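As structure tokens, the structure follows; a few thoughts come after it.
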Amino acid sequence: VGFTQYATAAYTDNVLDDFTYYGMDYIHDKYKIDVKNPTPKDKVKATQDIVNDIATEVNLYGMEQYEQFPTMMEDHFGGSQRAAVLAAASGISTSIATGNSNAGLNGWYLSMLLHKDGWSRLGFFGYDLQDQCGSAHSLSIRPDEAVSASSVHRTTNY
Numbered sequence: 500v501g502f503t504q505y506a507t508a509a510y511t512d513n514v515l516d517d518f519t520y521y522g523m524d525y526i527h528d529k530y531k532i533d534v535k536n537p538t539p540k541d542k543v544k545a546t547q548d549i550v551n552d553i554a555t556e557v558n559l560y561g562m563e564q565y566e567q568f569p570t571m572m573e574d575h576f577g578g579s580q581r582a583a584v585l586a587a588a589s590g591i592s593t594s595i596a597t598g599n600s601n602a603g604l605n606g607w608y609l610s611m612l613l614h615k616d617g618w619s620r621l622g623f624f625g626y627d628l629q630d631q632c633g634s635a636h637s638l639s640i641r642p643d644e645a646v647s648a649s650s651v652h653r654t655t656n657y
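Following the numbering used here, the residues of the sequence shown are numbered contiguously, the last one being 657.
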């Protein structure tokens with residue numbers, strides 16, 4: 500969120516890559532998706548069970564890696580970088596498996612919930628904006644925003 504999201508890929512070494520490649524291997528092995536040469540038939544149905552499975556697997560792998568390598572956890576300081584890396588890998592893996600961006604967004608938020616559940620908070624010194632992010636925001640068009648972006652007219656809620 501904010502600078503953390505902007506800087507995560509560049510400043511977290513190859514950790515995001517590793518977690519995402521783990522997700523690609525997982526969806527290849529479990530769902531037989533050819534992630535290197537995908538075809539339109541290479542996707543699974545975007546159900547909540549699929550989102551739960553992929554995002555949880557990738558997130559838990561990442562959390563285990565952080566615990567196995569304490570210097571990596573220290574390098575990704577304060578929790579917000581860890582939360583961003585775990586969530587990005589979970590969301591990317593889920594999106595690629597399903598071909599559905601909303602499924603990926605739900606994988607992202609599930610990762611945030613798992614991270615907070617496992618490590619109690621996502622940041623420190625007030626840098627825990629991710630604590631405020633959640634499943635209520637996992638739809639492209641939220642009810643309080645009125646109409647879809649493709650609509651040509653505006654309402655009083657824009």
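Think of the CB as a built atom: it goes at the ideal place given N, C-alpha and C, for glycine as much as any other residue.
As the structure is a computational prediction, the values presented were derived from the model and not from experiment.
With 16 other Cβ atoms within 10 Å as the buried cut-off, status of residue i
i: GLY578; result: buried
i: ASN513; result: exposed
i: PHE510; result: According to the sequence as given, residue 510 is Tyr; it is not Phe. Exposed, because fewer than 16 other Cβ atoms sit within 10 Å of the Cβ of TYR510.
i: THR538; result: exposed
i: SER594; result: buried
i: LYS540; result: exposed
i: THR519; result: buried
i: ASN558; result: buried
i: ALA635; result: Any reading at ALA635 must be qualified, since the residue scores a pLDDT of 49, below 50, and its modelled position is unreliable; the value itself is stated next. Under this definition ALA635 is an exposed residue.
i: ASP524; result: exposed
Integer Cβ distance of residue i from residue j, believed to fall under 8 Å
i: GLY617; j: MET562; result: 6 Å
i: SER592; j: GLY522; result: 3 Å
Span separating the alpha-carbon of residue i from that of residue j
i: ALA596; j: THR570; result: 31 Å
i: GLN564; j: ASP517; result: 10 Å
i: TYR560; j: GLN580; result: 16 Å
i: LYS615; j: ASN599; result: 25 Å
i: SER589; j: LEU515; result: 10 Å
i: LYS544; j: SER610; result: 20 Å
i: ILE553; j: HIS575; result: 23 Å
i: GLY603; j: VAL550; result: 8 Å
i: GLY606; j: GLN547; result: 9 Å
i: THR555; j: LEU613; result: 8 Å
i: ASP528; j: GLN567; result: 24 Å
i: ASN601; j: TYR608; result: 11 Å
i: ILE526; j: ASN536; result: 14 Å
Would you be able to state if there are at least three C-beta pairs under 8 Å between the region 584 to 591 and the region 528 to 539? no
To test your reading of the DSSP string, which unbroken beta strand (DSSP E) runs of 3 or more residues are found completely within the region 518 to 565? none
Quick one: which unbroken alpha helix (DSSP H) runs of 4-plus residues sit fully inside the region 573 to 624? Chain order, please. 579 to 597, 600 to 618
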